[in-house]
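If you're matching them up, the sequences are chains A and B in order.
Position 533 (the first sequence) corresponds to 533 in UniProt numbering; numbering is contiguous.
Position 535 (the second sequence) corresponds to 535 in UniProt numbering; numbering is contiguous.
Shown next, in structure tokens, is the structure this report addresses.
Protein chains: 2
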Amino acid sequence: YKVPLDPQGLLELSWNVSYPEQAVHFQLLIRDLQFGLLFGMSDRGEFENADLAVLWSDGHNSYFGDAWSDAKGQLHMDSQQDYQLLGARRAPKGLYLLFRRAFSTCDPKDYLIEDGTVHLIYGILEKPVHSLQAINISAVHRGLQRVQLLKPNITIPELPSDMKTMEIVAPDVVIPSQETTYWCYMAELPDGFPKHHIIMYEPVITAGNEALVHHMEVFQCAAEFDSFPHYNGPCDSKMKPDRLNYCRHVLAAWAMGAQAFYYPEEAGLAFGGPGSSRYLRLEIHYHNPLVFKGRRDSSGIRLYYTATLRRYDAGIMELGLVYTPVMAIPPGEDAFILTGYCTDKCTQLALPAAGIRIFASQLHTHLAGRKVVTVLSRDGRERQVVNADGHYSPHFQEIRMLKEVVAVLPGDELITTCTYNTEDRSRATVGGFGILEEMCVNYVHYYPQTQLELCKSAVDPGYLHRYFNLVNRFNDEEVCTCPQVSIPQQFFSVPWNTFNRDVLKSLYGFAPISMHCNKSSAVRFPGEWEKQPLPTTTERLQEPVPRCPPTPGPRPAAPVPLNLGELRK
Amino acid sequence: YKVPLDPQGLLELSWNVSYPEQAVHFQLLIRDLQFGLLFGMSDRGEFENADLAVLWSDGHNSYFGDAWSDAKGQLHMDSQQDYQLLGARRAPKGLYLLFRRAFSTCDPKDYLIEDGTVHLIYGILEKPVHSLQAINISAVHRGLQRVQLLKPNITIPELPSDMKTMEIVAPDVVIPSQETTYWCYMAELPDGFPKHHIIMYEPVITAGNEALVHHMEVFQCAAEFDSFPHYNGPCDSKMKPDRLNYCRHVLAAWAMGAQAFYYPEEAGLAFGGPGSSRYLRLEIHYHNPLVFKGRRDSSGIRLYYTATLRRYDAGIMELGLVYTPVMAIPPGEDAFILTGYCTDKCTQLALPAAGIRIFASQLHTHLAGRKVVTVLSRDGRERQVVNADGHYSPHFQEIRMLKEVVAVLPGDELITTCTYNTEDRSRATVGGFGILEEMCVNYVHYYPQTQLELCKSAVDPGYLHRYFNLVNRFNDEEVCTCPQVSIPQQFFSVPWNTFNRDVLKSLYGFAPISMHCNKSSAVRFPGEWEKQPLPTTTERLQEPVPRCPPTPGPRPAAPVPLNLGELRK
């Protein structure tokens, strides 16, 4: 796996994962080494409380060591050296640094490498430093890159001989000279294009732009419109036709660091044919923090498809919370948790007797999301994590293959939990479509396709009404959380204190739910879905006890001298 | 340190603690070895999920190993051997087994040895067993003993030359042939006995009864009565004069496993002299589970005292919760937490400018208590644990010397937190004096003595009233939590569910408090003590990260063969 770390592409990280060894091997290419480099990991990309491998030079000698930064960003040598240097070599391209790190080191100063997003950080030392402690981390040229470090170990399925490819690329875009651009481009399938199965897709990235193309998605438009206008421009432009908002059905998604996406051998994603739109929308997120001007780009996604339909159509199902303001997060919270349920009653009704198999998942929240987890529960007992990201970032939403396919049977429950941070907000954050509203969604990719498109929940509105009454009565202040105003307005007027916050938590953990067990976003399965009992969990999954490496690095800690000659004399 | 493990005294444990090594050395004397022995530790003395050292014999060969029991009580060899056998020798008294165990092993199957109560468990193998796995733990003759394993490392202060001793012993008691007896005996100081300082005390235990005398306390009677009747009999007897209930001021307390108690060099506990009663009550708890008949006992406590008064009188202060039903625990809870506060305002008013020094502490709850912790907080930041017992048992209440003396300054807060288990109860447990009501108290021993005897809190009753109103309104059921009935009655009629439980927690974590900042149980210091703001904590103490031993035992795990000859041919 390979990813550029910085927007100029001076640092390039390659890595591979050894599950038997429970370790990651890193190769860092430094194209233009000056006086050293910091590379490491931290909870959300910050340089405080980070776990770092440091290469530094005093101008004559170079050293490598495992370090950590404290809450003030001061660097310290780690007493246990867990970044093990495997080699360093100069080559025409630059310096290659090879090192190894166990997932878990049992050193409390070290980052625990887990599934999901990892925030990699880097810093470039532009002056000689005489010791690790002398590095002033805030003065260093630095940045962060998000990757899924622990890619699943999946064998690539055999591809059929009649496979064809189609490139959905935005032709010859001039990347705008601004930090963030969402570019929209409309493509079209040939007229009369019959039903095919997409069985794989991969990114097509214009050479030289690897560090600028942040993520890309191909959406299919709604079948109810016969035609869509052509468009090639920024997604937020006033010139963009409104109808493009009806192109929201994900066909393919890629984010930096991801590789080709393969469907399982038995399944493919249907596109083409009657009942499906010919129109596709490509969306590219350009991330251009150094504001390069005039860069031209023709990136996009290459779809691999076959007319020999596979046994099963793949489907996408939405788990989590309904997009409704009744689910809200108080302001000033560092880790407020909301939970959405796909209940046993819904899966009982909507899934085939043999169940479905989830093979990939894309987690989704808006800006306040910090963690997302979906767990499968059977008979009230948690059985399996479907997908978990403890360092989730709304800026890094990829479709991820699961390490193991998850079989879901009728009667199973799928419980999706999102953790939000609203410390920088002064009023409640309600559920909804807006960028400052929140979502809690897991789009799961599965087969065989069923009619169930949405299996989501929200608190019963009657119980929320009782909550507002309680707030009115319990608090000394006269507050207007009266029923004639909207639910967001009622939330905005709650005087937030620990009691009102805790009681809201208690309400969400107690009140019955309204279920959306839907065929499409507006069509429910028949049945009673209001005031449903909250699923109860009698047995939780155990947190895995981290395995400590049998042979930790050398102790006591000492930096490893490197023979690199003099740097930048 | 030495303690009998079983009521017959067949197993005797001696141990010492090495703080530099962070390890305990055990010596176990087995007077009548049969086919082996289990010895270990578990959360509350249960044989499931226990950490065990096992000596077993198949009749020919003997083995020693570190084992653990799972949630069903099945034994397994531990993959990491942390009970290190140091030696085994036969002697006339029996077999001595010596072994060592680090406080923390970083093996998740091992018990973490912490300050406070440790529940030791033992089992005697009466038949040969062919392997560890073959041991049926439920069929073993077994039991538990509570001890404070990590005794503080305190240097014994110098004792004055004019020191005298006085034995308060119950003469020639026939221990009743029943499991539990609380025996009361009245003693009397000589007429005109002037003020002295108790500077030390120790247990006096009749030889042979070491395993029966569970704990003993000496109380001083109230000064307001001129005389108290003589009495020597069970404390719960109908013959016991009621006036003995006025003898509640603790002078000395001892529990099994404890040693002599020394006052710090600068302080002594005043007794005798004007304004103090001549009458003392000795209370002995006999624990006689094997129902021995006719055992005679003259145990008690020996006080060491001096007429040369030390610089400071020592005092005892009550921290925690007021004895009031407003603080209640819902039924069915496995770990419900109540918190009592000694606020900055009270210590500001009542403590001398130089502060006080706490040197010992006795934790107290009734039967539902599971953990007790007192923390010192200054400017909202937790600074120091005063005393903590994570495996607290109401059946093992000793006065414990602190590892380090805690200095408390005016303006400091002392926050006492008790954790309760009410899983076996069907109705709420309210605060109060009854054995099925609860308390949360830390009696701290300190000097110099001040007028402050009680620094405790309870929730504001007006806010509790709002809670009952909220319960009435929120719940569908018609419940009578009306103000005209008593608070316990209102608690008993709450329909307990997770919401009502969680909101009660939220109330206790939010509502203002009523402070008892008292000179004696009924006399408050002047000031406003109602509707006081709840102290807030901006910074919590970090849980200490357990230090792992640098040299764990041999791996992979294998039992150590012992050369003990054939056992019980």
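Glycine included, every Cβ here is placed at the ideal spot set by N, Cα and C.
task = Taking His-516/B as the reference, give the member of Leu-504/B, Val-459/B and Ile-124/B with the closest Cα.
result = Val-459/B
inquiry  = Closer than 8 Å between beta carbons: that is the criterion. Which residues of the segment 447-478 of chain B meet it against chain A?
reply    = Arg-466, Asn-469, Leu-470, Arg-473 and Phe-474
ask   = How close, in whole Å, do the beta carbons of Gln-449/B and Ala-360/B come, if the pair is a contact with beta carbons under 8 Å?
value = Gln-449/B to Ala-360/B, Cβ: 14 Å. No contact.
task = Determine the direct distance from the alpha carbon of Tyr-263/B to that of Glu-210/B, and round the result to whole angstroms.
result = 25 Å
key: Same chain only: Cβ atoms within 6 Å of Met-163/B, ignoring 5 sequence neighbours per side   = Tyr-304 and Thr-306
task = Please confirm whether Leu-189/A and Leu-97/A have their CB atoms less than 8 Å apart.
result = With contacts defined by Cβ atoms closer than 8 Å, Leu-189/A and Leu-97/A do not form a contacting pair.
message = Using a Cβ-Cβ cutoff of less than 6 Å, which residues in the same chain neighbour Ala-258/A once the five nearest sequence positions on both sides are dropped?
response = Answer for Ala-258/A: Glu-398, listed in chain order.
message = Along the chain, where does the beta strand (DSSP E) containing Pro-561/A start, and where does it finish?
response = 560-562
query = Which residues mark the beginning and the end of the alpha helix (DSSP H) in which Tyr-467/A is found?
reply = Counting along the chain, the unbroken alpha helix (DSSP H) around Tyr-467/A starts and ends at 461-474.
Whole-angstrom distance between Gly-509/A and Asn-497/B, CA atom to CA atom = A direct Cα-to-Cα measurement between Asn-497/B and Gly-509/A gives close to 11 Å.
request  = For Arg-296/B, I'd like the list of residues in its chain whose CB is within less than 8 Å of its CB, leaving aside the five on either flank, ordered along the chain.
outcome  = Asp-172, Val-173, Val-174, Ile-175 and Thr-206
Neighbouring residues, chain B, relative to Thr-498/A (Cβ below 8 Å) = Ser-506, Gly-509 and Phe-510
message = Quick check on Tyr-19/B: buried or exposed, where buried means 16 or more other Cβ atoms within 10 Å of its Cβ?
response = exposed
message = Can you find the residues in the same chain that come closer than 8 Å, C-beta to C-beta, to Gln-8/A, ignoring five residues on each side of it along the sequence?
response = Ala-211 and Leu-290
inquiry  = 8 Å is my cut-off, CB to CB: does Asp-78/B come that close to chain A?
reply    = no
key: Alpha-carbon to alpha-carbon, Gly-434/A and Ser-506/A   = When rounded, the distance between both Cα atoms is 26 Å.
request  = Reducing DSSP to helix, strand and coil, say where Asp-236/A ends up.
outcome  = DSSP, read as helix, strand or coil, puts Asp-236/A in coil.
inquiry  = Are the CB atoms of His-197/A and Leu-269/A within a distance shorter than 8 Å?
reply    = yes
ask   = Do you know offhand how far Ser-14/B's Cα is from Ala-253/B's?
value = 22 Å
query = Between Pro-261/A and Leu-351/A, what straight-line distance do the alpha-carbon atoms span, to the nearest angstrom?
reply = According to the sequence displayed, residue 261/A carries Phe and not Pro. Cα-Cα distance, rounded: 25 Å.
query = Going along chain A in order, which residues have a C-beta closer than 8 Å to the C-beta of Asp-115/B?
reply = What Asp-115/B touches in chain A: nothing, since even the nearest Cβ is about 21 Å away.
inquiry  = Using only CA atoms, which one of Ala-67/B, Asp-379/B and Gln-484/B lies nearest to Gly-40/B?
reply    = Ala-67/B
key: Check: Arg-425/B C-beta below 7 Å from any heavy atom of the ligand GTP   = In the structure shown, the ligand GTP is absent, as is every other ligand, since no ligand is present at all.
Chain B contact residues for Val-326/A, given Cβ-Cβ distances below 8 Å = Result: empty, since nearest Cβ-Cβ is about 16 Å, beyond 8 Å.
ask   = Taking Cβ positions, are Ala-368/A and Asn-421/A nearer each other than 8 Å?
value = yes
ask   = Name the chain B residues that come within less than 8 Å of Val-503/A, Cβ to Cβ?
value = Asp-502, Val-503 and Ser-506
inquiry  = Distance cutoff 8 Å, beta carbons only. Does Tyr-83/B sit that close to anything in chain E?
reply    = Absent from the structure: chain E. Protein chains present are A and B.
key: Touch test, the segment 462-471 of chain A against the segment 518-529 of chain A, Cβ-Cβ under 8 Å, three pairs minimum   = no
request  = Within 10 angstroms of the Cβ of residue 632/A, are there 16 or more other Cβ atoms? Answer buried if so, exposed if not.
outcome  = Because chain A in this structure spans residues 1 to 569, residue 632/A falls outside the shown range and cannot be described.
query = Does the distance from the C-beta atom of Phe-219/A to that of Val-250/A stay below 8 Å?
reply = yes
ask   = Do Thr-537/B and Glu-382/B have their C-beta atoms within less than 8 Å of each other?
value = yes
7 Å Cβ shell around Tyr-246/A - same chain, five flanking residues per side excluded = Cys-221, Ala-222 and Phe-225
ask   = Taking just the CA atoms, how far does Val-406/B sit from Val-375/B?
value = 10 Å
message = Output needed for Tyr-111/B: all residues of its chain with C-beta closer than 6 Å, excluding positions within five of it in sequence on either side, in chain order.
response = Met-41 and Asp-51
Inter-residue spacing [alpha-carbon to alpha-carbon] between Val-213/A and His-287/A = 6 Å
request  = Return helix, strand or coil for Gln-490/A, following the three-state DSSP convention.
outcome  = helix
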